[in-house]
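A.B. asks: Residues in the first sequence are numbered from 85 upward in steps of one, following our numbering.
Just so it is clear, CB atoms sit at the ideal spot from N, CA and C, and this is done for glycine as well.
Quick caveat, the model's predicted, so the values are computed rather than measured.
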Amino acid sequence: MQTRTSETIVVEWNWDFVARLKDGMVLKACFARECVEESIESEFAENLKRRLERYFKGRAVDFTDVNVLYPTPFSERVLRVVRSIPFGLVESYSSIAEKVGTSPRAVGVALRSNLVPVIVPCHRVVSKAGIGGYSQGESIKKALLELESKFHGKL
DNA sequence: GTGTAGCCCAGGG
DNA sequence: CCCTGGGCTACAC
């Protein structure tokens, strides 16, 4: 069942994770700096919230079935590849670039435009030299990789 | 370690 | 159109 108005999920963690939903898809997600009021009506929202709670407890939750918004056709190509990286694994910008047929720089641009962190796991893309950047802040990227506990590079 | 030249897309003028 | 600036990389010192 879907709702006409948008819904908001809030999941507590080191930072509060907030997702805005509408018409059975996730429009936008972020880590909140301030208090956000939750409003859940649909089964879709309840189900997604349960899965996010399990994820933030460190369980290997898969979000590849969740409908999300892609900003541009190019970023969609990049982000679809990124979504295929399994929980607990990482890939380099250049590896993604090779699969898409573009340059590592352009991959970074596409990742930065990702509207739904965690659900589209852009934190699993790391630089050859270190951890690489993150639109939500480097400390959150580190924490997510630690949560998935498979990043053995320099944090 | 630091400098730098390619990379290629998105956004703004 | 032509800039400019990135969640980068490889290679040269």
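Are the CB atoms of VAL150 and LEU173 within a distance shorter than 8 Å?
C.D. replies: Going by C-beta atoms, LEU173 is not nearer than 8 Å to VAL150.
A.B. asks: So which of GLN220, THR156, GLU175 and ASP107 has the shortest CA-CA distance to ALA213?
C.D. replies: Nearest of GLN220, THR156, GLU175 and ASP107 to ALA213, Cα basis: GLU175.
A.B. asks: How many Å lie between PRO170 and GLU121 at the Cα?
C.D. replies: Approximately 31 Å, taken between the alpha carbons.
A.B. asks: Taking the Cβ atom as the reference point for each residue, do GLU127 and LEU105 lie within a distance shorter than 8 Å?
C.D. replies: No. Outside cutoff.
A.B. asks: Using 8 Å as the threshold, is the C-beta distance between VAL102 and LEU136 below it?
C.D. replies: For VAL102 and LEU136, no; Cβs fall outside 8 Å.
A.B. asks: Just list the alpha helix (DSSP H) runs in the region 128–172, keeping only unbroken ones of 4 residues or longer that don't cross its boundaries, in chain order.
C.D. replies: Runs of the alpha helix (DSSP H) inside the region 128–172: 157–167.
A.B. asks: Spatial neighbours of ASN98 within its chain, please: C-beta separation below 7 Å, excluding the five flanking residues on both sides.
C.D. replies: Taken in chain order, the residues that qualify are ALA227.
A.B. asks: Do ASN198 and VAL204 have their beta-carbon atoms positioned less than 8 Å apart in this structure?
C.D. replies: Yes; because the gap between Cβ atoms is below 8 Å, this pair is in contact.
A.B. asks: So, is GLU216 buried or exposed, given that buried needs 16 or more other C-beta atoms within 10 angstroms?
C.D. replies: Residue identity check: residue 216 is Gly in the sequence provided, not Glu. Looking at its Cβ environment, which holds 16 or more other Cβ atoms inside 10 Å, GLY216 is buried.
A.B. asks: For GLY142 and LEU231, which I take to be in contact (beta-carbon distance under 8 Å), what is that distance rounded to the nearest angstrom?
C.D. replies: That belief holds up - the Cβ atoms of GLY142 and LEU231 are roughly 6 Å apart, short of 8 Å.
A.B. asks: Under DSSP, the alpha helix (DSSP H) around LEU195 begins and ends at which residues?
C.D. replies: That run of the alpha helix (DSSP H) goes 188–196.
A.B. asks: Go to GLU91, then tell me how far its beta strand (DSSP E) extends in each direction, as first and last residue.
C.D. replies: Looking at the DSSP string, the run of the beta strand (DSSP E) that includes GLU91 is 91–95.
A.B. asks: What residue from SER179, TYR177 and ALA129 has the CA that sits closest to THR89's CA?
C.D. replies: The shortest C-alpha separation from THR89 is found at ALA129.
A.B. asks: Let's see if you can read the secondary structure: which residues bound the beta strand (DSSP E) around LYS112?
C.D. replies: Its beta strand (DSSP E) spans residues 109–116.
A.B. asks: For TYR139 and SER187, what's the separation of their Cα atoms in angstroms?
C.D. replies: Roughly 31 Å between the two C-alpha positions.
A.B. asks: Quick check on DSSP: helix, strand or coil for ALA213?
C.D. replies: Note: ALA213 maps to coil in three-state DSSP.
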